[in-house]
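A short worksheet on the structure shown next.
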Amino acid sequence: MIPPGAQAPCPAGARDDEATRLRRFVASVPNRISIGAARGAAPLSALLGLLLLGGAWTLRDHPGPGHEAAALCLLAAAALLMCLACLQRNARNAPFLVLGQGRLRARSLSAPLDLLEVADLRLEDGVWFSAIVLELHGKALPAPSTRPLDPFAARAVSECRDGPQVRLLSPGWRLNGRNLSLLEAAEVIDLYLDIAHAQARLRQLGEIPPSASSSLPTPRIFS
Numbered sequence: 001m002i003p004p005g006a007q008a009p010c011p012a013g014a015r016d017d018e019a020t021r022l023r024r025f026v027a028s029v030p031n032r033i034s035i036g037a038a039r040g041a042a043p044l045s046a047l048l049g050l051l052l053l054g055g056a057w058t059l060r061d062h063p064g065p066g067h068e069a070a071a072l073c074l075l076a077a078a079a080l081l082m083c084l085a086c087l088q089r090n091a092r093n094a095p096f097l098v099l100g101q102g103r104l105r106a107r108s109l110s111a112p113l114d115l116l117e118v119a120d121l122r123l124e125d126g127v128w129f130s131a132i133v134l135e136l137h138g139k140a141l142p143a144p145s146t147r148p149l150d151p152f153a154a155r156a157v158s159e160c161r162d163g164p165q166v167r168l169l170s171p172g173w174r175l176n177g178r179n180l181s182l183l184e185a186a187e188v189i190d191l192y193l194d195i196a197h198a199q200a201r202l203r204q205l206g207e208i209p210p211s212a213s214s215s216l217p218t219p220r221i222f223s
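This is the structure we're talking about:
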């Protein structure tokens with residue numbers, strides 16, 4: 001007899017069917033993916049740097065009161081913008097987000113985020129940055145985040161206002177050589193949230209979560 005309030009155990013056949021379905025779902029997507037920032041201010045920074053360099057050269061060829069000091073200021077600003085463009089170019093070559101093994105690793109986030117700690121996901125579309133906000137369970141504490149040197153770089157920001165959350169900020173999203181819309185990037189993250197829960201359920205069933213399988217069709221968004 002089952003005590004009141006207790007959950008009846010699943011029949012062996014039902015458990016096997018659930019485990020098979022979950023294993024196929026987990027194996028249907030890549031075990032690990034990287035999402036990069038699609039675009040940045042590198043071309044604009046380089047262009048402004050060249051314009052300032054041209055202005056400094058013009059002032060150098062036309063001596064006058066205060067022109068030397070102005071030329072030095074323009075040269076310093078041009079050098080700063082060129083350095084910023086190099087930082088942005090290097091940042092674009094490195095992945096912004098890495099999803100896999102039930103974790104999310106993000107640039108400027110000091111430790112991986114356990115995807116099982118994510119309670120909800122919402123989107124914010126801004127003028128320069130678009131954001132995917134991961135709202136965490138009430139007791140979860142997000143890992144501290146650091147501020148990158150480049151103010152226009154993609155980043156992850158940990159916050160505790162209105163509850164713990166991690167904001168993923170990027171001027172654009174890129175996966176497997178193609179640009180993603182904000183909604184498509186959120187769908188990829190949401191898929192890996194589902195994968196993390198499926199893997200947790202498989203462990204509850206005493207199963208070992210499978211790795212990615214090339215024998216199953218790859219979802220369209222990864223191709």
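Mapping to UniProt numbering: the sequence shown position 131 is 131, numbers consecutive.
Heads up, the beta-carbon is just placed ideally off N, CA and C, and yes, glycines get one too.
Since we're looking at a predicted model, the values are computed, not measured.
From residue i to residue j, what distance separates their C-alpha atoms?
i: residue 121; j: residue 166; result: 10 Å
i: residue 187; j: residue 13; result: 32 Å
i: residue 124; j: residue 168; result: 10 Å
i: residue 23; j: residue 192; result: 14 Å
i: residue 170; j: residue 210; result: 31 Å
i: residue 177; j: residue 34; result: 11 Å
i: residue 161; j: residue 126; result: 19 Å
i: residue 21; j: residue 194; result: 13 Å
i: residue 182; j: residue 175; result: 12 Å
i: residue 118; j: residue 107; result: 18 Å
i: residue 128; j: residue 15; result: 48 Å
i: residue 137; j: residue 164; result: 7 Å
i: residue 114; j: residue 180; result: 24 Å
i: residue 25; j: residue 141; result: 29 Å
Which of the three DSSP states, helix, strand or coil, is assigned to residue i?
i: residue 163; result: coil
i: residue 185; result: helix
i: residue 168; result: strand
i: residue 203; result: helix
i: residue 198; result: helix
i: residue 208; result: coil
Please return the same chain residues whose Cβ sits closer than 6 Å to the Cβ of residue i, not counting the five positions on each side in sequence.
i: residue 32; result: 100
i: residue 109; result: 143, 145, 156
i: residue 105; result: 98, 112
i: residue 147; result: none
In chain order, what residues of the same chain lie with their CB nearer than 8 Å to the CB of residue i, ignoring the 5 residues before and after it?
i: residue 17; result: none
i: residue 19; result: 202, 205, 207
i: residue 116; result: 102, 196, 197, 200
i: residue 139; result: none
i: residue 133; result: 121, 122, 123, 124, 165, 166, 167, 168
i: residue 7; result: Note that residue 7 has pLDDT 45, beneath the 50 cutoff, so the model's placement of it is unreliable and the number below is only indicative. There are no such residues.
Would you mind working out which of the options sits nearest residue i, comparing C-alpha positions?
i: residue 184; options: 177, 173, 194; result: 173
i: residue 130; options: 138, 153, 118; result: 153
i: residue 135; options: 189, 179, 180; result: 189
Hey, would you say the C-beta of residue i is under 7 Å away from at least one heavy atom of the ligand PLP?
i: residue 155; result: In the structure on display, the ligand PLP does not appear, and there are no ligands present to speak of.
In chain order, what residues of the same chain have a beta carbon less than 7 Å from the beta carbon of residue i, not counting five sequence neighbours either side?
i: residue 36; result: 92, 95, 96, 174
Considering only residues of the region 93-140, which uninterrupted alpha helix (DSSP H) runs meet the minimum length of 4 residues and lie entirely inside it, listed in chain order?
For the region 93-140, not a single whole alpha helix (DSSP H) run of length 4 or above is found.
Mind listing, in chain order, the continuous beta strand (DSSP E) runs of no fewer than 3 residues lying wholly within the region 13-43?
32-35
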